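Heads up: the structure comes next, in structure tokens.
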Amino acid sequence: MFSLSPAKYLKTNRYEQNNFYSNWHNFSCNSVFGQITQEYAEDVNSVDAVINAYYDVVSGSSSEPWEFERDKFIHSKIALITRLDENGRAESHRLEAEYIPMGLYFYEKELKRIVIKYGNIAQVWSAFEIRTDPNTESPIRGVNSIQLHHENGRWWIDSWTCEMESEKSPVVTEFLSNE
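Given below as structure tokens:
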């Protein structure tokens, strides 16, 4: 029962509200998880740091391993991802469904960010483009709507909704201007 590896613990308890395991984690495993916390601490000290970490985690070449622990560290346990199709229909899923398999080149480059904060909550509008080469521009663009909250001295991504650019929904000039 206490022999879970850090990776297995994070995977099996990611979305479960289980006081026993939470307390076990907090009191018994701080030395195991402390390294992860220290390694990614700068990723969560501001809204901009979290969003920068998100784009860093999601992008990479076919030979770079996905940073599962870092990705989970910036998202809350209840994080929900929603994608809208070209007809505006929503499809939602949890974080694990987002992982891109090894062998694929995928770069999500942010084009513009608008942050609105109130107290302990933040809304981020982030225009982006998807590339298969980090140095080549792409016509594949969209907008992320990302919601975060501040708790226990750090920022967490709670949800994000993505809509890809289409004739019905162009990435408007206000997202791409340099003002």
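Numbering-wise (numbering that gives the first Met the number 0), the sequence shown opens with residue 0 and increments by one.
A virtual CB, placed ideally from N, CA and C, is assigned to each residue, including glycine.
Computed from a prediction, not measured in an experiment: that's the story for all the values here.
**Asked** Taking the C-alpha atoms as reference points, what is the distance between residue 21 and residue 76?
**Response** Confidence at residue 21 is low in this model, with a pLDDT of 38, below 50, so the placement of that residue is unreliable and no value is reported for it.
**Prompt:** Between which two residues does the alpha helix (DSSP H) harbouring residue 51 extend?
**Reply:** 46-57
**Message:** Less than 9 Å between the beta carbons of residue 125 and residue 116, yes or no?
**Reply:** no
**Message:** Taking the alpha carbon of residue 120 as the reference point, which residue from 139, 58, 147, 64 has its own alpha carbon closest?
**Reply:** 147
**Prompt:** Under the rule that 16 or more other beta-carbon atoms within 10 Å means buried, what is residue 43, buried or exposed?
**Reply:** buried
**Item:** Where the beta strand (DSSP E) containing residue 113 begins and where it ends
**Value:** 106-117
**Asked** For the alpha helix (DSSP H) that residue 71 lies in, which residues bound it at each end?
**Response** 67-73
**Prompt:** CB residue 50 to CB residue 161, shorter than 9 Å?
**Reply:** no
**Item:** Per-residue DSSP class, three states only, for residue 29
**Value:** Residue placement at residue 29 cannot be trusted, given a pLDDT of 38 that sits under 50; the coordinates are not used to answer.
**Message:** If you reduce the DSSP assignment to three classes, tell me which class residue 166 lands in.
**Reply:** coil
**Request:** Would you check whether the ligand FAD has a heavy atom nearer than 8 Å to the C-beta of residue 110?
**Result:** The ligand FAD is not part of the structure shown, which contains no ligands of any sort.
**Request:** Report the residue from 129, 69, 74 whose alpha carbon sits nearest the alpha carbon of residue 38.
**Result:** 69
**Asked** With 16 other CB atoms within 10 Å as the buried threshold, where does residue 59 fall?
**Response** buried
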